[in-house]
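Numbering (this note's numbering), first residue to last: 250 to 422.
Where is the CB? At the ideal position from N, CA and C, for every residue including glycine.
None of the values given here were measured: they were computed from a predicted structure.
Notes for the one structure printed next.
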């Protein structure tokens with residue numbers, strides 16, 4: 250499927266629709282997704298002063314296993330993976346994680362398109378839950394714009410409080 254914004258919506262999502270394709274990731278994509286994940290999370294590690302955040306220490310085998318056992322979507326442009334997101338059901342809730350966009354492609358609507366595609370890929374989910382760090386203002390703005398609402402804050406380390414957010418299913422238009 251190819252993402253796009255609302256009809257006549259204009260903006261960067263329409264430009265993304267011309268060049269980015271979103272599809273299920275395959276185990277063979279694990280290496281490229283891991284490389285992308287590491288590139289995308291470096292700024293988060295710097296923001297929190299922690300080079301050992303989970304996305305940076307995840308192994309190739311772990312990424313491959315997630316691809317085999319969860320819904321992992323990739324955004325590609327001319328064969329290059331420029332974004333990815335994963336979702337896994339827990340009861341009736343889809344736990345969304347590792348939304349990543351190549352640093353040189355951020356701000357072009359790819360993250361929004363990936364989340365929208367995840368919402369479509371798991372139609373039976375009663376809700377979509379995710380979390381991000383309290384200092385990750387860009388992430389928080391994106392999630393709120395896409396209908397996610399804060400449910401709780403969890404202090405996990407002196408330098409890190411996780412902000413948990415939930416998106417309820419949206420009525421069909």
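Within 7 Å, strictly: CB atoms of residue i and residue j
| i | j | result |
| --- | --- | --- |
| residue 287 | residue 305 | yes |
| residue 345 | residue 336 | yes |
| residue 302 | residue 289 | no |
| residue 364 | residue 395 | yes |
| residue 367 | residue 334 | yes |
Spatial distance of residue i from residue j (CA atoms)
| i | j | result |
| --- | --- | --- |
| residue 316 | residue 278 | 9 Å |
| residue 318 | residue 274 | 11 Å |
| residue 323 | residue 361 | 13 Å |
| residue 354 | residue 332 | 9 Å |
| residue 416 | residue 376 | 6 Å |
| residue 402 | residue 314 | 29 Å |
| residue 369 | residue 418 | 10 Å |
| residue 339 | residue 352 | 30 Å |
| residue 270 | residue 297 | 32 Å |
| residue 357 | residue 391 | 12 Å |
| residue 272 | residue 300 | 30 Å |
| residue 397 | residue 359 | 17 Å |
| residue 281 | residue 341 | 30 Å |
| residue 263 | residue 393 | For residue 263, the pLDDT reaches just 46, beneath the cut-off of 50, and the residue's location in the model is therefore unreliable, leaving the point undetermined. |
| residue 291 | residue 373 | 34 Å |
| residue 405 | residue 276 | 32 Å |
Whole-number beta carbon distance between residue j and residue i, since they are thought to touch under 8 Å
| i | j | result |
| --- | --- | --- |
| residue 268 | residue 326 | 5 Å |
| residue 399 | residue 414 | 5 Å |
| residue 312 | residue 343 | So it is not a contact: roughly 19 Å between Cβ atoms. |
| residue 307 | residue 285 | Going by Cβ atoms, the distance from residue 307 to residue 285 rounds to 12 Å, so no, they are not a contact pair. |
Practice problem: Count the CB pairs spanning the segment 379-388 and the segment 402-421 that are closer than 8 Å, and state whether there are at least three. | Solution: yes
Quiz item: Enumerated in chain order, which unbroken segments of the beta strand (DSSP E) with a length of 3 residues or greater are wholly contained in the segment 280-356?
Solution: 320-326, 329-339 and 342-350
Quiz item: If you scan the segment 366-418 from start to end, which runs of the beta strand (DSSP E) of 3 or more residues do you find wholly inside it?
Solution: 376-382, 398-406 and 409-416
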